[in-house]
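Trainee:
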Amino acid sequence: MTGSSPLLSPRLTGRVALVTGASRGIGAAVAEQLAREGAHVVLLARTLGALEELDDRVKALGGAATIIPQDLMDSAKLDNLGPALYERFGRLDILVHAAGQLGTLGPIAHSDPKDWDRVMGVSIAAGMRLIRTTDPLLRLSDAGRAIFLTDRVGREPTAYWSAYAASKAALDMMARTWAAETLNTNLRINLVDPGPVATSLRAKAFPGEDPASLPSPADAARAIVEFAVPACALHGELIDLRTA
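With full-length UniProt numbering applied, the sequence shown has no gaps in its numbers, which climb one by one up to 244 at the end.
(1) Drop a sphere of 10 angstroms on the beta-carbon of asparagine 190, count the other beta-carbons inside from all chains shown, and report buried for 16 or more, exposed for fewer.
(2) May I have the straight-line CA-CA distance separating asparagine 184 from glycine 100, to the nearest angstrom?
(3) Would you decide whether leucine 48 is buried or exposed? Buried here means 16 or more other CB atoms lie within 10 Å of its CB.
(4) Does glycine 236 come out as helix, strand or coil in the three-state DSSP assignment?
(5) To the nearest angstrom, report how far apart residue 320 and glycine 38 are at their CA atoms.
(6) Below 8 Å on the Cβ atoms is my guess for serine 141 versus arginine 91; work out the distance and round it to an integer in Å.
(7) With respect to the alpha helix (DSSP H) encompassing arginine 36, which residues constitute its N-terminal and C-terminal limits?
(8) Taking the alpha carbon of glycine 103 as the point to measure from, which residue in Arg88, Val119, Phe89 and His97 has its own alpha carbon closest?
(9) Just to confirm my understanding: we take leucine 85, look at its own chain, exclude 5 residues before and 5 after, and list those with CB closer than 6 Å. What are they?
(10) Would you list the one or two residues that DSSP bridges to arginine 118?
(11) Pull the bridge partners of phenylalanine 148 from the DSSP assignment, please.
(12) Cα-Cα, which of Asp219, Cys232 and Ala231 is closest to arginine 242?
(13) Indicate whether the contact test is met: 3 or more Cβ pairs, each with one atom in the stretch 117-133 and one in the stretch 160-176, closer than 8 Å.
(14) Please go through the same chain and pick out, in chain order, the residues whose beta-carbon is closer than 6 Å to the beta-carbon of methionine 1, but skip the five residues on each side of it.
(15) Can you check DSSP and say which residues form a bridge with proline 207?
(16) Is it right to say glutamate 156 is buried, meaning 16 or more other beta carbons lie within 10 angstroms of its own, or is it exposed?
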């Protein structure tokens, strides 16, 4: 199915999906794919203009979206997100935490504490608050699904990537712990490592790399959304799309 194709045999009709980091890259592509599958997508990111452009693309597909221009570092607003979603929709079926910060690559001994705090904040602190605020709604769904995007550097120590690697390692364990706590529910929680994808974050880390040699965000999104559908039975798994 191409990026401009209309809805075909949607599997998520009537469901509500929240996507963080939705303004660009994999987050935006996942939101579009969820919309193609019939979900109402709630788009959360800092950049209003990019969210509005994505909203237009979703509507062009025949889908529906709600935009939330919000910084994940705003803890008060994040804590109120679940109640706000319940008031607006009465439900939440899917959470995709795609937001991430690379930070400045370099020796850990030279790390900027503010930079480190931002990287950890967007990934793990915001991730924890997202779990707290959406857990009650996701448990109420007959097929609640939560997907966290991760990276191999969180599992394999890589020089100069300390903040980003630590943020992903912590995210992995947090998501798997949540999965262990929800074994006897309808909620399915998984981590997905998309591998190298042609995104702005990848270009920042590897400026000499030809993006045309990499899978597109849309390619990754089609695979990621398979873990959001009711038929997905996996729980507490980390799926590497390079080997899946």
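Here a beta-carbon is modelled for each residue, glycine too, at the ideal position from N, C-alpha and C.
Mentor: Taking the geometry as given:
(1) buried
(2) 30 Å
(3) exposed
(4) coil
(5) The chain is shown only over 1 to 244; residue 320 falls outside these bounds and no answer can be derived.
(6) 6 Å
(7) 25-36
(8) Val119
(9) Leu92
(10) In the DSSP output, where bridge partners are listed per residue, arginine 118 has none listed.
(11) His97 and Leu191
(12) Asp219
(13) yes
(14) Reliability fails at methionine 1, whose pLDDT of 38 lies under 50, so the model's placement of it is uncertain and the value that follows must be treated cautiously. Contacts found: none.
(15) Answer is none; proline 207 lacks a bridge partner.
(16) exposed
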